[in-house]
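Notes follow the structure.
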């Protein structure tokens, strides 16, 4: 791979994808984690940059706990989740003295840390860097987009649940992407039905189809539906690899299809 010195620590990162949601509680961090694992299962080297500064949950989801972040000549060394170094993570969760500490910071301090995260993490060679963002369209989102401008972001995945209150917030996220020149790779409808752990029947407790309809109206790709799956929830809580534990599940198939859609959507930008 040719190295572009202007891009610094992101010079060997082939694709950068942001994961956005208009509101909290739609499972954005869970989807980021499962998408990263799916890409790794597809043979890709993946990094996750967790800039959800007030709610860094991905270290727990990947069962890496409270790791010390070390320095090298190029900057911070990310935390690797496996001996093969195929999945790397950087999160503010590693920098807090106490995991229960609240991040009570004003905008400029958050912006400065995001700038450091973008420029000072020594990712090495990655196929994909997924950026998990906080909900909304705030200082953090502007900071990450502005800091990544010279690194050519491939685009954003927008996560919604089926209800109108969630899809309405994603409409504002679409407007944010247009105003900042950020390509939308597609929309994912999360919590789309509930999978019974006993019979595997899927029940639409939150309604269904809001994300797909939004994608149709907005003229954007629809990447797929991910159901509410108790097996996925328990894996996330325990830091286990759901895709490895339940390869026959409908949720495995859904996440794998989304990962394939992301690879297809970024292939021409390699």
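Residue numbers (this note's numbering): 1 to 270. The beta-carbon is built from N, C-alpha and C at its ideal position, and this holds for glycine as well.
Top-ranked residue by Cα proximity to residue 259, from 120, 32, 234, 163: 32
Given that a residue counts as buried once 16 or more other Cβ atoms are within 10 Å of its Cβ, and exposed if not, what is residue 43? exposed
Roughly how many whole angstroms lie between the Cα atoms of residue 185 and residue 102? 33 Å
Looking at the unbroken beta strand (DSSP E) that takes in residue 160, where does it start and where does it end? 155-160
For the candidate residues 8, 243, 239, whose alpha-carbon lies nearest to that of residue 122? 8
Going by other Cβ atoms of all chains shown within 10 Å of its Cβ, with 16 needed for buried, is residue 29 buried or exposed? buried
Are the region 207-217 and the region 245-262 touching by the rule of at least three beta carbon pairs closer than 8 Å? no
If we require 3 or more residues per run, which beta strand (DSSP E) segments fall completely within the region 164-214? 184-195
CA-to-CA distance, residue 137 to residue 253, given in whole angstroms: 31 Å
Shortest alpha-carbon distance to residue 200 belongs to which of 224, 180, 174, 230? 230
Residue 50 versus 106, 118, 82, residue with shortest Cα-Cα distance: 118
I believe residue 202 touches residue 162 by the beta-carbon criterion, under 8 Å. Please report the beta-carbon distance rounded to the nearest angstrom. The Cβ separation is near 12 Å, so there is no contact.
Looking at residue 89 and residue 79, is the spacing between their C-beta atoms short of 8 Å? yes
Looking only at its chain, what residues have a beta carbon closer than 7 Å to the beta carbon of residue 60, apart from the 5 residues adjacent to it on each side? 239
Going by other Cβ atoms of all chains shown within 10 Å of its Cβ, with 16 needed for buried, is residue 56 buried or exposed? buried
Which residues does DSSP pair with residue 132 in a beta bridge? 19, 50
Cβ of residue 170 less than 8 Å from any chain B Cβ? The structure shown contains no chain B, having only a single protein chain.
May I have the straight-line CA-CA distance separating residue 34 from residue 147, to the nearest angstrom? 25 Å
Buried or exposed: residue 156, going by 16 or more other Cβ atoms within 10 Å of its Cβ? buried
If you check the beta carbons only, do residue 13 and residue 129 fall under 8 Å apart? yes
Roughly how many whole angstroms lie between the Cα atoms of residue 134 and residue 198? 34 Å
Could you check which residue in 217, 141, 125, 127 has the C-alpha nearest to that of residue 112? 141
Would you grab the beta carbon distance between residue 154 and residue 266 for me? Rounded to a whole angstrom, and I think it's under 8 Å. 5 Å
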